[in-house]
Structures are given as structure tokens and as C-alpha cells.
Amino acid sequence: DYETEIMQRDHTELEEPLQCGGCGERKGRVKFTLVKEKCSLVDNQKIEIQEIPERVPSGAQPSSGMVILEGDLVNRVLPGTRIIANMVPQMHSERKGTRKTPLFEIFYNMVSMETETEPFTEINIDQEDIEKILKLVNDHPEPELLKLVTSSIAPSIFATPGLYQVKRSLALQLFGGVSRISPDGTRTRGDIHILLMGDPGVAKSQLLTYMSNLSPRGKFASGGSVTSAGLTAAAVKDGFSDGRFALEAGVLPLSDRGLAAIDEFDKIGKQERSAIHPAMEQQKVRVAKGGITATLNSRCAVLAAANPKSGRFEYRGGNASIMQSFAETDLEAPLASRFDLIWLLSDIPDRGLDERIATHIIRNRASGSSELQIEDQMGSIVNIESEEMTETGLDDNDHLTTGFLRKYIAYAKKNIHPTIDTEAQSEIVKYYIQTRQNYQKGMINPATSDYSLNSTKGENQTEISVTARALEALMRLTEAHARMHLREVATIIDAKMAISIFKHWREESNIRDEAELQTGISKAGQSSIVKQIMKEISFENDGKMPISKILDRAMLGGVDEATVRTLVSKMQQNGIIYQPPNTPGTYEFV
């Protein structure tokens, strides 16, 4: 036996000696055997990389390529990770059977790579831009800066009084709060999640499209054509992976440190929506598909839009909760608790407002230019990266250009990480305590002690108007307002603005009990449902009410077992019902 060593140049084909050094026979007339025990093996991995989406021209697909990793470069990146790569291009001829063709495939050998340590490096911010940003903030005192940024979000959309409040919250969403890690390792998110519900034609889709273009690393997806894999991650068999599964990142991981705009949120299937729950709250996507287990970051703000399943939302009375409208979207109630703010945009006829909206739409269309002419002259539809800081809108007011606003947001998110000072903390705590106390005073009459079947006093004491979840939302809004003003410390001014926006939402949504955000039904509503069920069962069973029947019907009505048992126990303590002897699990009215 004769042994010889051959260095392998690339991964495409095993190179063998041209002839045997022992017998002299040429390759093809003698069979060579690989001596595995004496081979030097190197870990390798095949990945696909693509160019940064922000640098891809409008309407084009990002270029991609196959890369071979070897040695300590293996398993260092996950789908959606942004890297700076140093590579050597290689190419080999494609084969047709045993013959080589004049077509060549290009692949790359990775020499070294760096994962992104600083966010938003893809946005070029020079010293002149920084000076413009600082001047903008210094020249616009409270609350002028928030007004300017708000008016710069989709200025072509007429801002009705209701839509102006929505745009204010969207302005804060662009800047976001600060994600923090506590000493015990617990992470709290800083990104603000917002849901827009509205009738057709109220510009929800336009707002989402504009926000996804405006936000650094913004992504847009439509619920009607997206799957859970399209939102989170997919395990696919790629041609370069030799039949093995590879992970492809979805919209949420690709929006990491940016914004994910999801239109037609109500059209996403139940299985797909369940995948969004952990991605929104924990901001991580855990994948276990095709033999691959991985955790991808989805540290992004979510802006979603939903439509009513019946076409238009039913009229909601002054005392009705926004959860009544939420139920019309066919979304699960627990999903509502994942959003910091939920807005309802209704199309209600109003002669004066309708005339102003119609005039604005006509002026906006008349002021536009032909798309074909712009494409011929400029080569693109919109010059997003405009060098100008402001432009004049249809209302003859100045608005920040999209290009400058993106730089402003990226600079603030990259460099400003505000903490909330003691005075601002006290203001938030004061609002929190007063809201809870005022609610209890308004709902409970201390002059009466009526515990009859129709009384709700006992149950109202279990209703909570605002919980710690709302505190977190208030802190995120406070930090976002401070970040917009480039303040490293959030003051009472920021806290008051956050409370103003939050109060406006709470008053308009008319959510009296935070349990509605979890179940879609307030504690009082749950109490009424259970009482009505008990009355029906008592009538059907000669006064007897088996707990099993109460639980079964209550769960069909959207009330969980723990709530039912707590309510039954309180009614028993208050002498409304009792348990006859020798009949465990059965109750009767007194």
C-alpha cells in the first residue's frame, strides 16, 4: 500500500491523486481509498447571507450568497444576525450529468466575521447630522418637539382629533423605552406595542406602511398571507444544505431593534397568533423545528392593525368598553394584554369633519406627480434619504423629512438610555394609586351592606381598574418621551406627558377593570354571567345547582374555573347560597 496526502481546495469535490505513487497507474485505472484515521478534519457549516434590507432599492430583492464557515467560525451566528464578513469568493462549474457546463456557481469562504455590537450602523449619521439633531431638540421646547414629530408621521393623512392622539403614541413608539436586565437576570422590555382597530378606510394600512418605512429596521407583513413561520422562523430544506434543514428568520427576528408592522392582524390563524405571544412579551422566538433548536431575538416594537369580522364596528355606547369592539375582531382576549395601547378608529359621519377630510384628500392627490415621470427622472419613486431636514406639507407647515427623522430616531435609540428620576417616579405612583382609589370609591357605596343576589358590591371589590402591567406601560412611554428630547434622565415633564396619553386612551377605551384585557370580560361581567348561569341551572334542576354544571357552562361563556369557584365561595360566605347536607358539590339558593 502507498499513501499520499492531498490538500483539498474547496468543498465541492474530493480531490484525489492524478496517479498512484506506488504502482504508477493513473487516476481512473486504480481505485483510491480515503484513510480516515490519518485525515485532518475541520468543523464546517454552510449558511446563506443576504445584503442589509435597508440598502436594497425599492421593489428589488436583496442579493444573497452561500458561505462556507470552518473551524471556530462555526455556530457563531443565528438567523437574523447582522454581521460584517470578510470572505474570499470561489466558483465552480455546474455539472450536467458527468459533464461540466460553462455556467459557474459562486460561493464564499469566510475568513473572519464580526457580529454587530452597535445598533443601526447601516444608517450613516455624520457630525453634521448630529449637529442638526441637537439644534432641532434645542430649538423646540416642550411640547413643540412632540407636536413636530407627530405631524411628521404620515403628513398626507388628515389628522382628525382622534387620529392625532394615535399619531402621538406612534411618535413615542418610534423612540421606545429602555429594555433593562435586573440583578436577578430578569429582562423587562422597553419596546411599545400598539394595536389599531378601525373601520375600513380610516388609513390604518397607510399608517403601518409609513411607520415600517420610517422606523430603522422596520418590516411590514400582511396577516392574510403570513404564517407562524413567516412571523417567527421557518425550518426549510435548502439546496445548499444537502437535504438538511436550515432556519430562515421571519418578520419579528428580522425586525430586531426596529419595528414590525403587521396589517390584517385579525386574518392571522390561531396557531400563528399563539406564536406571537412569547415573541411580544419575552421578545424571543424559540424554535424547535426540523431537528433544530434555537432562540432568536425579536426585540422590536409591534404595530398591528385589525378589522371587524362583520365589515364595520358596531356603535359602542358611552359606557361600553373597547373590549366589546375587540371581540368583533375575533382575536383572543389574552392577546389584548400584550399591547400597551389599543386604539379604535371609527368612521362616524360628521359634516364639518367630512368636508375637511375630503378637501385634504383632493388637495393631496392634486399636488402629487406622475409615478412614471418620477421613475424616469430620478430612477426611484421616493428619495427617502433626503439631505433636507424639513419640508413644507399641504397644511403649509414644516415637517421633518423621512430621511432626517430616521437618522434622528436611530441616533436617539443608539445613544440615549434615560433613567426615571425620583420626582417622575412619584408622579407615576401617584397616578397609579389615585386611579385605583377613585375607582373603588366610585364603585362601592359604604352606606349600604346589601349582599342580595343582584348586588355586585362583593364582586366589585375584586375588580382592579389598573394593575402593575399599566405601570410598566407608563414607564415605557415616559422613557420614550425623554429619549425623544435626548434626555438621559426622564423628568416629571416626561411622566406627565406619558400619563396624559395613557389617560386619554383609558378614558376613550372605557376599560373599568384590567381583567378585561386578559379575558375580554370584566369581573362584574363575569359575575353577572355566573349568576345568570346559576339561576338557569337552579330552575332546570328543582333548585339544585351542581358545581360541575356551573363550571361547564361558565367556561363556555368565557369565565375560567378559578373565578367561578371564588365567586361561589363568596356567595356562600355572604349567605346567598348554601350547600345542603349529604350533597357534596351541590348548592341551593337561600
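In our numbering, the protein residues as written are 22 to 611. Ideal Cβ positions, reconstructed from N, Cα and C, are used throughout, including at glycine.
Cα-Cα separation, residue i to residue j
i      : j      : result
Leu492 : Leu498 : 10 Å
Gln600 : Gly606 : 8 Å
Tyr432 : Met218 : 31 Å
Glu409 : His298 : 40 Å
Gly479 : Lys451 : Because the pLDDT of Gly479 is 41, which lies under 50, any placement of that residue in the model is unreliable, and the question is left without a value.
Leu362 : Arg210 : 15 Å
Ala511 : Thr443 : 9 Å
Leu474 : Ile568 : Summary for Leu474: the model assigns pLDDT 37, below 50, so the residue's position carries little reliability; its value from the coordinates is reported in the next sentence. Cα to Cα, the separation comes out at about 18 Å.
Pro100 : Val306 : 11 Å
Ile558 : Ala327 : 38 Å
Glu34  : Val308 : 33 Å
Thr380 : Gly373 : 11 Å
Tyr185 : Ile104 : 39 Å
Lys291 : Leu356 : 11 Å
Leu216 : Glu500 : 20 Å
Pro274 : Arg238 : 11 Å
Ser276 : Lys240 : 6 Å
Asn404 : Ala242 : Low per-residue confidence applies at Asn404: pLDDT is 45, beneath 50, and the placement is therefore not dependable enough to give any value.
Pro182 : Ala175 : 15 Å
Leu193 : Ser236 : 12 Å
Met232 : Asn418 : 20 Å
Glu165 : Phe360 : 27 Å
Lys565 : Glu335 : 39 Å
Pro123 : Asp93  : 35 Å
Arg116 : Pro110 : 19 Å
Arg76  : Gly279 : 15 Å
Ile127 : Lys121 : 15 Å
Ile402 : Ser226 : Legend: pLDDT at Ile402 = 43, less than 50; position of this residue unreliable, no value from coordinates given.
His102 : Thr136 : Residue identity differs from the one stated: residue 102 is Thr in this sequence, not His. So the alpha carbons of these two residues sit roughly 7 Å apart.
Gly206 : Glu293 : 29 Å
Integer-rounded CB distance, given that residue j should sit under 8 Å from residue i
i      : j      : result
Ile89  : Lys67  : 6 Å
Ile430 : Leu228 : No, Ile430 and Leu228 are not in contact; Cβ-Cβ is about 16 Å, not under 8 Å.
His502 : Ala519 : 6 Å
Asp212 : Cys321 : 6 Å
Ile571 : Met555 : 6 Å
Pro439 : Arg508 : 6 Å
Thr423 : Asn234 : 7 Å
Leu169 : His161 : 6 Å
Spatially closest choice to residue i from the options, by CA coordinates
i      : options                           : result
Ala254 : Lys225, Asp284, Lys291 and Ala315 : Ala315
Gly43  : Lys52, Glu24, Thr102 and Arg333   : Glu24
Ile144 : Ile73, Ser114, Leu166 and Gly118  : Ile73
His525 : Leu365, Ile174 and Ser319         : Leu365
Ile151 : Leu426, Glu353 and Leu191         : Leu426
Asp351 : Val109, Lys288, Ser358 and Lys565 : Lys288
Leu157 : His420, Gly197, Glu302 and Asn603 : His420
Val98  : Lys117, Leu235 and Met131         : Met131
Ala445 : Ile514, Thr422, Pro439 and Ile454 : Ile514
Ser358 : Glu36, Thr136, Ile598 and His214  : His214
Tyr129 : Lys117, Thr119, Ser226 and Met112 : Met112
Met108 : Pro237, Val51, Glu91 and Ile449   : Glu91
Ile437 : His506, Glu448 and Glu412         : His506
Ser172 : Thr413, Glu269 and Gln458         : Thr413
Ala281 : Leu324, Arg294 and Gln71          : Leu324
Met301 : Ile454, Asn318 and Lys310         : Asn318
Ala516 : Asp573, Glu528, Ser447 and Gly222 : Ser447
Tyr453 : Ser521, Glu163 and Phe125         : Ser521
Ser190 : Asp205, Gly222, Leu167 and Thr136 : Leu167
Val257 : Val247, Lys310, Lys59 and Asp563  : Lys310
Lys428 : Glu149, Ala106, Leu62 and Lys59   : Glu149
Own chain partners of residue i with C-beta closer than 6 Å, once the 5 adjacent residues on each side are dropped
i      : result
Lys153 : Met410
Arg47  : Gln40
Ala613 : Nothing about residue 613 can be reported from this structure: the residues present for the chain run from 22 to 611 only.
Arg333 : Asp220
Phe523 : Leu495
Tyr8   : In the structure as shown, the chain starts at 22 and stops at 611, and residue 8 therefore has no counterpart that could be examined.
Val95  : Asp64 and Gln66
Gly463 : At Gly463 the pLDDT is 49, less than 50, meaning the model places this residue with poor confidence; the figure from the coordinates comes in the next sentence. Correct list: empty, nothing qualifies.
Sequence-distant residues of the same chain with beta carbon closer than 8 Å to residue i, five excluded per side
i      : result
Glu561 : none
Ser476 : With a pLDDT of 39 at Ser476, under the threshold of 50, the predicted position of this residue should be treated as unreliable, though the coordinate-derived value follows. Result list for Ser476: empty, nothing under 8 Å.
Arg208 : Ser200, Arg201, Ile202, Gln303 and Gln304
Thr604 : Lys565
Nonlocal neighbours in the same chain, by C-beta distance under 7 Å from residue i, ignoring five residues either side
i      : result
Ala180 : Lys188
Gly271 : Ala250, Gly251, Leu252, Thr253, Ala254 and Ala255
Gly245 : Glu285 and Lys288
Glu37  : Ile27, Lys48 and Phe53
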